[in-house]
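Residues in the sequence shown are numbered consecutively from 151, following my numbering.
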Amino acid sequence: FTKDDSGSKPSNGTMVDFSPRGHNCVLDIGAHIGVFTRYALASGCNRVIAYEPEEDNLDLLRQNTKPKKDLQKDNERNHVGKIEIHNSAVVASSQNGFGTLVRARSRNDGTSNTWR
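This is the structure we're talking about:
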C-alpha cells in the first residue's frame, strides 16, 4: 500500500517500494541468516540494526555479514561498523521486559530447524 493524495492513509491496490535505497539506517527484525542485511548494505544503506533470536541462524548471520579478507576493496562486502547485531526477538507490546521464546524442536533425525 502507498499513501493516498492526502499523504495520510494507505490506498488499496498500489505496491509499496520497501527498498532500503536512500535510507541511512534500516531495522532487520528476524534477520535470519543475513540476506536482507546484505541486500540493504549493497543497496546503499549506511547501517543495519539486525535482530535474530535463534542461535543457529545468529551464527550464520554473523558469518554471512563479516568482512571478507580477500574482498576488502569491495564495499558491498566490507561492512565493518555498518551492522549492529542483537541476539534477541522483537515483539509488539505495550509492556517492557523479557519473555520466553518458544522454538520448534529439531526433527527427530538430528536435523536442526535452521534453514541453510
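Ideal Cβ positions, reconstructed from N, Cα and C, are used throughout, including at glycine.
Kindly give me the distance between the Cβ atoms of residue i and residue j, rounded to whole angstroms, as I take these residues to be in contact under 8 Å.
| i | j | result |
| --- | --- | --- |
| residue 251 | residue 235 | Wrong, their Cβ atoms sit about 16 Å apart, outside the cutoff. |
| residue 253 | residue 204 | 6 Å |
Please list the terminal residues of the continuous beta strand (DSSP E) segment that includes residue i.
| i | result |
| --- | --- |
| residue 234 | 233–236 |
Considering only C-alpha positions, which residue in the set the options is nearest to residue i?
| i | options | result |
| --- | --- | --- |
| residue 217 | 205, 231, 239 and 208 | 231 |
| residue 233 | 193, 181, 253 and 198 | 198 |
| residue 238 | 209, 259, 213 and 215 | 209 |
| residue 175 | 189, 182, 165 and 183 | 189 |
| residue 206 | 194, 183 and 191 | 183 |
| residue 241 | 172, 180, 171 and 168 | 180 |
| residue 200 | 194, 215 and 249 | 215 |
| residue 172 | 186, 194 and 187 | 194 |
Original post:
Which runs of the beta strand (DSSP E), 3 residues or longer, sit entirely within the region 173–215?
Top reply: 175–179 and 197–201
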